[in-house]
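Protein chains in written order, with the UniProt record's numbering: chain A, 1 to 300; chain B, 1 to 298.
From the three backbone atoms N, C-alpha and C, an ideal C-beta is built for every residue, glycine too.
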């Protein structure tokens, strides 16, 4: 004890000269930059918000939201039965397995869960749109990704941290995760993708519906499964609607059409509409939402 | 509370109202007039009507408020100031007419955003000069001149024509008709009518709409479920003429897709496409209380 006090004493004496607080001193402010008139330019972190009101977002809030609430309403006069207690893999009272991860047998069955009770708060809405394309030639040379990156930037209008928003990721390169013999290695760039949210998402949707899909040749609408399709499959219960566009559709986007020759090659793309729907039959509710935005669906 | 009462009345009255506990708001009912008086005198007889709230959705975007306009203009200026430079050499061939046209337009846009005392003033002496220098050479570029957009205020807004479907483009409009209610009095109300034997609510609603508003109308009924219910207070004579103790009117929402209402002039004399505020003074207070929450404020 005394030995410790003896060693601590000289240190304290040394610190007494400086400061008692164990914090960093306040940073020295650099003088502000001056513009050409000699006025200081304040260092402000600017974030660009919406520059216009979105037409389709207005349509959603004025018309679609109410209609979807009425269409997807399920009347539940009695409270739901409590969920069945899960059969755990280990006895929870056994001290030997007390802190071990105890999974329910048969999984958590997320795709078999009922949708949440209907209420005005959980009306389905579009959360984001993901555009994704896989470029086969990228495995040979990664410069083959430059064209698709430029094209997706033009289509989506998204760029990395665009408008000072740190959540905006812009066009991202998709890298391989698995080792597939003779094709993909982990970390090998194989494609590009972009996530759209907010007004950009609605702008892309309106361009797709008004310029691309009507001019696409031999387009019969997005195929639907038959009535025998089960509603509790992971696909049907995830609230995501996906479809693909052929390479010919790329030239129909007005942003690409103006200088189509500047792009070295055309490519198809997958478009995923990710909605807030959950539970059994969520994909059908997502389709109802999208058909409200005039995306055509057809029974195959 | 009211809806719970409706359900319990239906439950007393006939089993046909209820198929399963999950569908306890009855969408099937017996015909009120044809059903024989039930053997139990204590049960009250309810008569069901189906009404349609026919909606014309907004056809133009909402006019932004002054604050919204200022906000969007401010954000656009920030965006313009912060954005990466536009790669003109990627989009235009160097020295092409298109590039010159773009540069000229861009200059005007830049001036709109930052030039002068922060005003969006298109008519400046310099902008005129920029616009005029090569207008004859490159202005047309083989493109047809753009048509100016139509006015946001329609003719019917100026004349006060409530029957036009083009009035109040940025608001939700609802169809109100002038016809007889259950007492035989002429009132403003939504199109409605009774249910036939074994008919569903949404089928009855569509049939009654056609009967009162004519065939010249394309509609789409949203879902099969009612969105509101109204219980009319009945006098003794009205009860006798109805053949029931209680009258419930279920409202279903529908959209008009094409066409226009053509009332037959016999039981329906007039109609109007109205916003929420315009409906309130025309209808009965109790009726208004049942429907006001399902009409859109915008």
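- The alpha-carbon of residue 53 of chain B is positioned some 51 Å away from that of residue 263 of chain A.
- Under the 8 Å Cβ criterion, the segment 81-91 of chain B does not count as touching the segment 205-225 of chain B, having fewer than three qualifying pairs.
- Counting the other Cβ atoms within 10 Å of the Cβ of residue 66 of chain A gives 16 or more, which makes it buried.
- Comparing C-alpha distances from residue 231 of chain A to each of A:31, A:280 and A:118 shows the shortest one belongs to A:280.
- Annotation for residue 106 of chain B: no residue places its beta carbon closer than 6 Å to its own, counting only its chain and skipping 5 residues before and after.
- Leaving aside the five residues that flank residue 128 of chain A on each side, the residues in its chain whose CB is nearer than 7 Å to its CB run, in chain order, 195, 196, 197, 201 and 274.
- For residue 213 of chain A, the three-state secondary structure derived from DSSP is helix.
- The beta-carbon distance between residue 184 of chain A and residue 135 of chain A, rounded to whole angstroms, is 12 Å. This is too long to meet the 8 Å contact definition.
- In the structure shown, residue 183 of chain B falls within a coil segment according to DSSP collapsed to helix, strand and coil.
- According to DSSP, residue 249 of chain B shares a beta bridge with B:49 and B:230.
- Residues of the segment 252-266 of chain A whose Cβ lies closer than 8 Å to any Cβ of chain B, in chain order: 258, 259 and 262.
- Contact annotation, residue 250 of chain B with residue 294 of chain B: C-beta distance approximately 12 Å; criterion of less than 8 Å not satisfied.
- Close to residue 201 of chain A, with beta-carbon spacing below 8 Å, lies no residue of chain B; the smallest spacing is near 17 Å.
- Apart from the 5 residues on each side of it in sequence, residue 193 of chain A sits with its Cβ closer than 7 Å to the Cβ of 130, 131, 132, 172 and 174 in its chain, given in chain order.
- CA-CA distance, residue 49 of chain B to residue 193 of chain B, rounds to 5 Å.
- By alpha-carbon distance to residue 224 of chain A, the top candidate from A:119, A:83 and A:283 is A:283.
- Inter-segment contact for the segment 207-223 of chain B and the segment 237-248 of chain B is absent: fewer than three beta-carbon pairs are separated by less than 8 Å.
- Apart from the 5 residues on each side of it in sequence, residue 168 of chain A sits with its Cβ closer than 6 Å to the Cβ of 161 and 162 in its chain, given in chain order.
- Here residue 176 of chain B is near residue 274 of chain B, since their CB atoms are less than 9 Å apart.
- With contacts defined as CB atoms closer than 9 Å, residue 242 of chain B and residue 182 of chain B qualify as a contacting pair.
- Contact holds between the segment 247-265 of chain A and the segment 137-150 of chain A, because three or more Cβ pairs, one in each stretch, are under 8 Å apart.
- As computed with DSSP, residue 192 of chain A is found in a beta bridge with A:133 and A:173.
- By the beta-carbon neighbour count (other beta carbons within 10 angstroms, threshold 16), residue 66 of chain B is exposed.
- Residue 70 of chain A has a beta carbon lying within less than 9 Å of a beta carbon in chain B.
- Of B:283, B:94 and B:213, the smallest CA-CA separation from residue 267 of chain B is found for B:213.
- When rounded, the separation of the alpha-carbon atoms in residue 83 of chain A and residue 106 of chain A is 15 Å.
- In this structure, residue 104 of chain A lies away from residue 114 of chain A, with their beta-carbon atoms at least 9 Å apart.
- No Cβ-Cβ contact shorter than 9 Å links residue 162 of chain B with residue 284 of chain B.
- Following the DSSP letters along the chain, one finds residue 79 of chain B inside the alpha helix (DSSP H) bounded by residues 66-82.
- Pairing residue 297 of chain B with residue 142 of chain A, the inter-Cα distance amounts to about 54 Å.
- Put simply, of B:72, B:45, B:55 and B:47 the residue whose alpha carbon is nearest the alpha carbon of residue 170 of chain B is B:55.
- The Cβ-Cβ distance between residue 253 of chain A and residue 207 of chain A falls below 9 Å.
- Straight-line spacing of the CA atoms in residue 286 of chain A and residue 237 of chain A works out to 10 Å.
- Taken atom to atom, the span from the alpha-carbon of residue 68 of chain B to that of residue 52 of chain A is near 9 Å.
- Under the Cβ criterion of 9 Å, residue 48 of chain A is counted among the residues facing chain B.
- Taken through DSSP and simplified to helix, strand or coil, residue 269 of chain A comes out as strand.
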